[in-house]
Each structure stands twice: as C-alpha cells, then as structure tokens.
Amino acid sequence: QGTPKELVWEEKAPVSVARYAYDGVEVLNGKIYFLGGYGGSGAKNIAERYDPVTNTWETLNSMSVARAGLASAVLNGKLYAIGGTGLSSVEVFDPLNGNWSAGVALPSVVYSGTAITVNDKIYLIGGYNASQQKINQVLCFDPSTSQWSTKANMPTARDGVKLAWLENRIWAIGGNDGSNTNKVETYDLVTDTWQAEASLTTARNWPVAWVANGRIYVGGGKKDSSSYLNSIEVYDPTTKQWSSAGNFPENKFGADAVVLNEKAYVIAGKRDANNYSNKVFAADLN
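Residue numbering for the sequence shown follows this note's numbering, beginning at 1450 and increasing consecutively.
This is the structure we're talking about:
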C-alpha cells in the first residue's frame, strides 16, 4: 500500500458553538451529525448536521437533555445518543422525520465512554460510572432483542479512549487510566477476548481516530495535564508499529473525527486550557 502521504488539512465551515465533541460525531446518509458536548456555558443538547456538498451546518431538533461526555453511534439508519454525565438514558434520532425518541436505557450511568457499531450492534466501551470511577465495562446493544448485554471487560479501566475497527477487532486507543495513556488494546467479538497491542508513540487522552487505507490514524488529545497536541500518528498493521503522520492546523483535545467521501473530518474540541474550538478541518485520504 506504500507510505501514507502527508495529509493536507483544509478549514471547513465551523460548528455553531465551540465545544468538546467527546464521541458525539457520526456519519449518516452522506452527512455529518454533531450531538451534544460541553462548552463555556456547560453541557449542550445541540444537534447539528453538516452537508459536505454545500459546506454548511444546519440546526436540528435538540435532544431532550443536555449531554456532556456522551457516546454516539449509527444503527439501522438512525442516530443514537448514549449516556453522558449523570445519564443512563439513550435517545434516537430518525432522519426521516427529524424527531428524537427514547431508546433503551443503559443498565447504569456511563459518561466519557465511546461507542462503535459493528455487525449491526453497538458496543459501548469504558468511561466513568455514577460514582466517578473509571470503568472497564463493555456493553453491547442488540436491536433484535432491544437489550444491552455485558461483554468481557477491557483490561484497563479508562475514559477518553477512541475506538476503531481494523483486522476484525475493535481497537481501544489512548485515554486516561489514572494518567493520560498510550495504551492500545483490542477486542475480538468472536472469542469475546481482549489483547494488548503496540502502544502509541505518545500518551493521548481524548484523541481522535479514524481508519483509512488499511491503517489507523490517531491525532490530538492531551499528553499530560497541560500538553495539548496537534500531532498525528498512524498504525501500520504490517509492521505493527506507530509512526508520525503530520499535524493538525490546531491542537485538538476532546474533538471527534469521521470519514466521509474519502475525506477525514476533525471537528471542534479544545485547543488549549482556555479556548474551545468551533473549527472543522478536512483532508483527502487518497
């Protein structure tokens, strides 16, 4: 597949409110959705949608409750907003009518966890519980039973991880396990087991991650309590190593990233201790 090319980032239309994205950005029907988050005035119930053709954001009907530290996922053509600070509730957006409805609640509060959809099921991994303890919990939502079930625990309890799907495994990357970490662990759905993988080159709490051209890209996050990052690294499954892959135009902590139409989009977050970001950057992946 050759050496990954240097990514060239272009600024796109900004989001309506500068804020943390957490795990609140998803792609559905050729558009990007951005749900909830946390900005200068607190938790948000905002829902907005980006059209890459017109480079514009539109405001949608708000969620029923503000969700900081939410997780999100797409399942069967609908958008799921999952948990958040103090919340076990789930709500579901139907793009056909533009309305939100109540989903199947989590068994207990989860916030600052991360979700991913694989094989028509949602997996929610890590985060905090209602007692503000980091958790290694893995929950799986099966729409055929409308239930959340428990899977094998992640080896390391942590929040702020990012998830990726590669080589038929879920990759749980970075986060904070008491300190900001470079740990990478993968989950095999078939065997319901976890294993350790090659660590990132630097600790990254709340980075962004995406998969392109058979590789995992991870960027931004925080290295320690004060070091906000704009660097990007890439994992090559052939060499099983991480290497440098350039930089974002600004630091991106607590941002989120998606791939749409062979472009990576990196959205919102915080660029330093005092400034949330409303900026959106995109890069061609081919």
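Every residue, glycine too, gets a C-beta built ideally from N, C-alpha and C.
Just so you know, these numbers come straight off a predicted model, no measurement behind them.
Quick check on the DSSP output: the beta strand (DSSP E) that includes residue i runs from which residue to which?
i: glutamate 1634; result: 1633 to 1637
i: glutamate 1475; result: 1474 to 1477
i: glycine 1695; result: 1690 to 1696
i: asparagine 1548; result: 1548 to 1551
i: arginine 1618; result: 1618 to 1622
i: serine 1538; result: 1536 to 1543
i: tyrosine 1560; result: From DSSP, tyrosine 1560 is part of no beta strand (DSSP E); its letter is neither H nor E.
i: tyrosine 1482; result: 1480 to 1484
How many Å lie between residue i and residue j at the Cα?
i: isoleucine 1665; j: asparagine 1494; result: 30 Å
i: serine 1513; j: lysine 1689; result: 43 Å
i: alanine 1722; j: serine 1675; result: 7 Å
i: aspartate 1591; j: serine 1521; result: 15 Å
i: arginine 1618; j: serine 1538; result: 27 Å
i: glutamine 1450; j: alanine 1554; result: Confidence at glutamine 1450 is low in this model, with a pLDDT of 48, below 50, so its placement is unreliable and the value that follows should be read with caution. Roughly 43 Å separates the two Cα atoms.
i: lysine 1719; j: glycine 1669; result: 10 Å
i: tryptophan 1549; j: arginine 1498; result: 14 Å
i: asparagine 1578; j: serine 1557; result: 7 Å
i: glutamate 1540; j: asparagine 1679; result: 32 Å
i: leucine 1477; j: tyrosine 1529; result: 11 Å
For residue i, which option in the options has the closest C-alpha, if you only look at C-alpha atoms?
i: proline 1604; options: Trp1597, Leu1615, Gly1623; result: Gly1623
i: serine 1490; options: Gly1695, Phe1483, Ala1467, Val1558; result: Ala1467
i: tyrosine 1471; options: Asp1608, Lys1672, Asn1504; result: Asp1608
i: tyrosine 1560; options: Thr1642, Ala1517, Asn1710, Ala1645; result: Ala1517
i: glycine 1479; options: Val1708, Lys1728, Thr1599; result: Val1708
i: valine 1683; options: Pro1698, Lys1671, Ala1606, Leu1649; result: Leu1649
i: glycine 1535; options: Ala1492, Lys1611, Ser1598; result: Ala1492
i: alanine 1564; options: Pro1686, Trp1614, Ala1551; result: Trp1614
i: leucine 1612; options: Val1567, Val1639, Lys1600; result: Val1567
Is the separation between the beta-carbon of residue i and that of residue j shorter than 8 Å?
i: valine 1633; j: alanine 1647; result: yes
i: glycine 1562; j: isoleucine 1574; result: yes
i: glycine 1533; j: glycine 1485; result: yes
i: lysine 1672; j: alanine 1645; result: no
i: glutamate 1460; j: lysine 1728; result: yes
i: glycine 1473; j: aspartate 1705; result: yes
i: glycine 1695; j: glutamate 1455; result: yes
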